[in-house]
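A.B. asks: Attaching a single structure in structure tokens format; questions to follow.
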Amino acid sequence: MNRWNSYTRTTLQYNPEKCINCRLCLQVCPHQVFQQGTKKVILSLPESCMECGACQVNCPTEAITVESGVGCAYAMIRGVLNGTGEESCDCAGDGDTPSGCCG
Amino acid sequence: MTMEPCSCTCTEPTPDAGSSCCQTGENRLPVSEVMNTTSTLTISDHGDHLIARLGLMRMNHLVTPGLYRLGSPDADSPVFVSANYTLSFDALRSALTGCDAWILVIDTKGVNVWCAAGKGTFGTSEIVNRIALTRLETMVSHRHLIVPQLGAPGVSAREVLRQSGFSVEFGPVQARDLPKYLKTHQATQEMRTVTFPLRDRITLIPVELMQVIKIAIVAIILAAFLISVDLAWRILLSILAGTVLFPILLPWIPVKDFTIKGYLLGLVVFLPTTALTVITNQGDLLIRIMMAAGELLIFPAVVAYLALNFTGATPFTSRTGVKTEIRRYIRPLVGSFAGGIILAMLSGVARLVIVS
Chain E
1 MNRWNSYTRT TLQYNPEKCI NCRLCLQVCP HQVFQQGTKK VILSLPESCM
51 ECGACQVNCP TEAITVESGV GCAYAMIRGV LNGTGEESCD CAGDGDTPSG
101 CCG
Chain X
104 MTMEPCSCTC TEPTPDAGSS CCQTGENRLP VSEVMNTTST LTISDHGDHL
154 IARLGLMRMN HLVTPGLYRL GSPDADSPVF VSANYTLSFD ALRSALTGCD
204 AWILVIDTKG VNVWCAAGKG TFGTSEIVNR IALTRLETMV SHRHLIVPQL
254 GAPGVSAREV LRQSGFSVEF GPVQARDLPK YLKTHQATQE MRTVTFPLRD
304 RITLIPVELM QVIKIAIVAI ILAAFLISVD LAWRILLSIL AGTVLFPILL
354 PWIPVKDFTI KGYLLGLVVF LPTTALTVIT NQGDLLIRIM MAAGELLIFP
404 AVVAYLALNF TGATPFTSRT GVKTEIRRYI RPLVGSFAGG IILAMLSGVA
454 RLVIVS
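So the sequence lines, in the order shown, correspond to chains E and X. Using our numbering, you'd call the opening residue of the first sequence number 1 and step up by one each time. Using our numbering, you'd call the opening residue of the second sequence number 104 and step up by one each time.
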């Protein structure tokens, strides 16, 4: 594991066997994690996955699974401090820019 | 696109302002009226955006959910879906200058598209529900919606089709790319990719500042009155480093982890102040070095913590990664902070002992 990089692993899993090459994941992924292949989509940049879950929600054959959630330390720490254990992001955040639930 | 007049006078509170209560068969369904909007943003819209950007009056940036006419749409005009947050809705309508279109604003509780999609409020069921409430099928002859790409985490295109008969096309990430996109309905890789440019990072600074402003003011006042003005300045500096400098410098600070980035930034910012502590204070050199070391343990930890909290504002940190960061660094951060406080207190005690 990279020394100062906690972002090398994600919960994204791709099973090419199930892929029917509809390429919807290419459309919805905001980080180009998947790449077009000849017969199946290729998982090309798994480290760039931010676990938003768009690919899983739209994959018609469940070839993609990911535990989606908000990558927000503020929400997670607050969850721990509140004793709920789970993060909740109830912030209004930003608008047209694609950034920031809690920012 | 005629609106049926309401046949009933409903005494129940209507769910949304601007909607009316109508009798539909045996069920009373609130059917919202079609509203009008324009592509022009007024001074008051810009004022609203400014307030929203400051993170103020969160619930004042709502758009009434329902169907909107932009220009003079007809039965063949495209339908765009948006969130009921002014910044989202205004970004869409202002990008569609000169277009005749329908905008279906769904109820995301005043939250922007992406965050709402993450929670599922910008989602399949609300779209299906809003199509029914607005009787969209009577307004347009086609069965097609253009949904922002960032809504995809909450929207299953095939489920929307199955439940409502409307097919979903995911448009570009940014509303401002729509004019180019609409010419071919093909998005380039750039249009499909989320970026985090300097402009966006600067836009987030006020919200970051507002998040810590209360505790910051209390800490600064207490420090100034109870300990020293020097300390108050250092607290202010650490907060500005974590909430202003950090977002600006984010991509240029080495390493990937936010906590380490923040700690590094904190060290760079506080090396000069610790040098000042050693140079300008009087007394035993060892005590002064102890004070400086304490400072160098406390403030980078504060900056690192604020930096870690910035993960939620970025459009690329995964939950797994942030969890890993918290697991790895929270204890060392607390250790650094507490160790620094102990050193600073020891140096204070030592000085008192020597003076007496």
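Just so it is clear, CB atoms sit at the ideal spot from N, CA and C, and this is done for glycine as well.
Closer than 6 Å by C-beta to threonine 362 of chain X: which residues in its own chain qualify, once you throw out the five before and the five after it? Chain order, please.
C.D. replies: In the second sequence, residue 362 of chain X corresponds to position 259, counting from 1. For threonine 362 of chain X, where only same-chain residues beyond five positions count, the Cβ hits under 6 Å are Ala407, Leu411, Glu428 and Tyr432.
A.B. asks: Rank X:Ile356, X:Ser421, X:Ile445 and X:Val358 by C-alpha distance to the C-alpha of leucine 399 of chain X and give the top, closest one.
C.D. replies: Along the second sequence, one-based indexing puts residue 399 of chain X at 296. Considering only alpha carbons, the answer is X:Ile445.
A.B. asks: What whole-angstrom Cβ distance do glutamine 13 of chain E and leucine 26 of chain E have, given they're in contact under 8 Å?
C.D. replies: Within the first sequence, numbered from 1, the residue matching residue 13 of chain E stands at position 13. Within the first sequence, numbered from 1, the residue matching residue 26 of chain E stands at position 26. Their Cβ separation, rounded to whole angstroms, is 17 Å, which puts glutamine 13 of chain E and leucine 26 of chain E out of contact at 8 Å.
A.B. asks: Just confirm the distance between the C-beta atoms of tryptophan 4 of chain E and valine 405 of chain X, as a whole number of angstroms; I'd bet it's less than 8 Å.
C.D. replies: As a working mapping, residue 4 of chain E is identified with position 4 in the first sequence. As a working mapping, residue 405 of chain X is identified with position 302 in the second sequence. Not quite, the Cβ-Cβ distance comes to about 19 Å (not below 8 Å), so this is no contact.
A.B. asks: Is there a Cβ of chain E sitting closer than 7 Å to that of valine 297 of chain X, yes or no?
C.D. replies: Looking up residue 297 of chain X in the second sequence gives position 194. Interface residue, yes.
A.B. asks: Please list the partners that glutamate 428 of chain X has in chain E, where partner means a Cβ-to-Cβ separation under 8 Å.
C.D. replies: Looking up residue 428 of chain X in the second sequence gives position 325. Ser6 and Ala73, listed in chain order.
A.B. asks: Among residues of its own chain, excluding the 5 on either side of lysine 40 of chain E, which ones have a beta-carbon nearer than 7 Å to its beta-carbon?
C.D. replies: Numbered from its first residue, the first sequence carries residue 40 of chain E at position 40. Hits under 7 Å: Pro16, Cys19 and Asn21.
A.B. asks: Relative to the alpha-carbon of glycine 68 of chain E, which residue among X:Ser175, X:Thr423 and X:Arg454 has its alpha-carbon at the smallest distance?
C.D. replies: Indexing the first sequence from 1 puts residue 68 of chain E at position 68. Note that residue 68 of chain E is serine in the sequence shown here, rather than glycine. If we check each option's Cα against that of serine 68 of chain E, X:Thr423 comes out closest.
A.B. asks: Taking only runs of the beta strand (DSSP E) that begin and end inside the stretch 166-221 of chain X, which ones reach a length of at least 3 residues, in chain order?
C.D. replies: Those beta strand (DSSP E) runs which fall completely within the stretch 166-221 of chain X and span 3+ residues are 169-173, 182-186 and 204-209.
A.B. asks: If you draw a straight line from the C-alpha of glutamate 51 of chain E to the C-alpha of glutamate 62 of chain E, how long is it?
C.D. replies: As a first step, residue 51 of chain E must be located in the first sequence, where it is residue number 51. As a first step, residue 62 of chain E must be located in the first sequence, where it is residue number 62. Computed Cα separation, rounded: 15 Å.
A.B. asks: List the residues of chain E that proline 256 of chain X touches, going by C-beta distances under 7 Å, in chain order.
C.D. replies: Here residue 256 of chain X corresponds to residue number 153 of the second sequence, with the count starting at 1. Near proline 256 of chain X (Cβ distances below 7 Å), the residues of chain E are Cys52, Gly53, Ala54, Val57 and Ser68.
A.B. asks: Here's the rule: buried if 16 or more other CB atoms are within 10 angstroms of the residue's CB, otherwise exposed. What is isoleucine 308 of chain X?
C.D. replies: The residue labelled residue 308 of chain X in the question sits at position 205 within the second sequence. Answer is buried; the Cβ neighbour count reaches 16.
A.B. asks: Under 8 Å: do the stretch 182-195 of chain X and the stretch 208-221 of chain X share three or more Cβ pairs, one atom per stretch?
C.D. replies: Yes, the stretch 182-195 of chain X is in contact with the stretch 208-221 of chain X.
A.B. asks: For the stretch 429-447 of chain X, enumerate the residues whose C-beta is nearer than 9 Å to any C-beta of chain E, in chain order.
C.D. replies: Here the close residues are Ile429, Arg430, Arg431, Tyr432 and Ile433.
A.B. asks: From the DSSP secondary-structure annotation, give me the bridge partner or partners of histidine 31 of chain E.
C.D. replies: Along the first sequence, read from residue 1 onward, the residue named residue 31 of chain E stands at position 31. BP columns for histidine 31 of chain E are empty, so no partner.
A.B. asks: Quick one: which chain X residues come within Cβ less than 9 Å of cysteine 19 of chain E?
C.D. replies: If you number the first sequence from 1, residue 19 of chain E lands on position 19. Per Cβ cutoff of 9 Å: no residues; cysteine 19 of chain E is ~16 Å from chain X at best.
A.B. asks: Answer yes or no: does any C-beta atom of chain X fall closer than 7 Å to that of threonine 61 of chain E?
C.D. replies: Translated into the one-based positions of the first sequence, residue 61 of chain E becomes position 61. Output row for threonine 61 of chain E: interface = no.
A.B. asks: Just checking: is the beta-carbon of threonine 10 of chain E within a distance shorter than 7 Å of some beta-carbon in chain X?
C.D. replies: As a position in the first sequence, residue 10 of chain E is number 10, starting the count at 1. Taking Cβ atoms only, chain X reaches closer than 7 Å to threonine 10 of chain E, which makes this a yes.
A.B. asks: Mind pulling the chain E residues with CB within less than 8 Å of phenylalanine 349 of chain X?
C.D. replies: Here residue 349 of chain X refers to the residue found at position 246 when the second sequence is read from its first residue. Residues of chain E passing the Cβ test: none, with the nearest at roughly 12 Å.
A.B. asks: In chain order, what residues of the same chain lie with their CB nearer than 7 Å to the CB of glutamate 129 of chain X, ignoring the 5 residues before and after it?
C.D. replies: Stepping through the second sequence from its first residue, residue 129 of chain X is reached at position 26. With a pLDDT of 38 at glutamate 129 of chain X, under the threshold of 50, the modelled position of that residue is not reliable, and the figure given next carries that caveat. Contacts found: none.
A.B. asks: Can you list, in chain order, the residues of the stretch 242-273 of chain X whose Cβ is nearer than 8 Å to any Cβ on chain E?
C.D. replies: Flagged, chain order: Gln252, Leu253, Ala255, Pro256, Gly257, Val258, Ser259, Ala260, Arg261 and Phe273.
A.B. asks: Cβ of aspartate 210 of chain X less than 7 Å from any chain E Cβ?
C.D. replies: Locating residue 210 of chain X in the second sequence gives position 107, counting from the first residue. Closer than 7 Å: no.
A.B. asks: Can you give me, in chain order, the residues of the stretch 406-424 of chain X that have a beta carbon less than 8 Å from any beta carbon in chain E?
C.D. replies: So the list reads Leu411, Asn412, Phe413, Thr414, Gly415, Ala416, Thr417, Pro418, Phe419, Thr420, Ser421, Arg422, Thr423 and Gly424, given in the order they occur along the chain.
A.B. asks: Give me the Cα-Cα distance between phenylalanine 402 of chain X and isoleucine 146 of chain X, rounded to the nearest whole angstrom.
C.D. replies: Translated into positions along the second sequence, residue 402 of chain X becomes position 299. Translated into positions along the second sequence, residue 146 of chain X becomes position 43. Each residue's Cα considered, the two are about 41 Å apart.
A.B. asks: One question on the structure: do valine 216 of chain X and phenylalanine 225 of chain X come within less than 7 Å of each other, judged by their Cβ atoms?
C.D. replies: Counting from one through the second sequence, the residue named residue 216 of chain X turns up at place 113. Counting from one through the second sequence, the residue named residue 225 of chain X turns up at place 122. Yes, the pair counts as a contact, with Cβ atoms nearer than the cut-off.
A.B. asks: Mind listing which residues of the stretch 356-373 of chain X have their C-beta closer than 7 Å to chain E's C-betas, in chain order?
C.D. replies: Of all residues in the stretch 356-373 of chain X, Val358, Lys359, Asp360 and Ile363 have a Cβ within less than 7 Å of some Cβ in chain E.
A.B. asks: Do we get a CB-CB distance below 7 Å when we pair alanine 92 of chain E with the residues of chain X?
C.D. replies: Against the first sequence, residue 92 of chain E aligns to sequence position 92. With a pLDDT of only 39 at alanine 92 of chain E, under the threshold of 50, the placement of this residue in the model should not be trusted, and no figure is reported.
A.B. asks: Just the C-alpha distance for alanine 73 of chain E and leucine 325 of chain X, rounded to the nearest angstrom, thanks.
C.D. replies: Locating residue 73 of chain E in the first sequence gives position 73, where the first residue counts as 1. Locating residue 325 of chain X in the second sequence gives position 222, where the first residue counts as 1. So the alpha carbons of these two residues sit roughly 27 Å apart.
A.B. asks: Check this for me: beta carbons of threonine 346 of chain X and glutamate 311 of chain X, under 7 Å apart or not?
C.D. replies: Mapped onto the second sequence, residue 346 of chain X falls at position 243. Mapped onto the second sequence, residue 311 of chain X falls at position 208. Closer than 7 Å, so yes.
A.B. asks: Tell me which residues share the same chain as serine 439 of chain X and place their Cβ nearer than 6 Å to its Cβ, disregarding the 5 neighbours each side in the sequence.
C.D. replies: Position 336 of the second sequence holds residue 439 of chain X. Taken in chain order, the residues that qualify are Leu400 and Ala404.
A.B. asks: Please report the Cβ distance between alanine 178 of chain X and serine 267 of chain X, rounded to the nearest whole angstrom; I am assuming they are in contact, meaning their Cβ atoms lie under 8 Å.
C.D. replies: Translated into the one-based positions of the second sequence, residue 178 of chain X becomes position 75. Translated into the one-based positions of the second sequence, residue 267 of chain X becomes position 164. Wrong, their Cβ atoms sit about 17 Å apart, outside the cutoff.
A.B. asks: Tell me whether the beta-carbon of serine 175 of chain X lies closer than 7 Å to the beta-carbon of tryptophan 205 of chain X.
C.D. replies: Residue mapping note: residue 175 of chain X aligns to position 72 of the second sequence, counting from 1. Residue mapping note: residue 205 of chain X aligns to position 102 of the second sequence, counting from 1. Result no, Cβ atoms of serine 175 of chain X and tryptophan 205 of chain X do not sit closer than 7 Å.
A.B. asks: Which chain E residues sit within Cβ distance under 7 Å of glutamine 289 of chain X?
C.D. replies: The residue labelled residue 289 of chain X in the question sits at position 186 within the second sequence. What glutamine 289 of chain X touches in chain E: nothing, since even the nearest Cβ is about 10 Å away.
A.B. asks: How many Å lie between threonine 10 of chain E and cysteine 49 of chain E at the Cα?
C.D. replies: The residue labelled residue 10 of chain E in the question sits at position 10 within the first sequence. The residue labelled residue 49 of chain E in the question sits at position 49 within the first sequence. C-alpha separation (whole angstroms): 7 Å.
A.B. asks: List in chain order: all unbroken alpha helix (DSSP H) runs of 4+ residues lying wholly within the stretch 248-275 of chain X.
C.D. replies: Segments of the alpha helix (DSSP H) lying fully in the stretch 248-275 of chain X: 260-267.
A.B. asks: Roughly how many angstroms separate the alpha carbons of threonine 237 of chain X and tyrosine 171 of chain X, rounded to a whole number?
C.D. replies: Translated into the one-based positions of the second sequence, residue 237 of chain X becomes position 134. Translated into the one-based positions of the second sequence, residue 171 of chain X becomes position 68. Looking at the two C-alpha atoms, the distance is approximately 10 Å.
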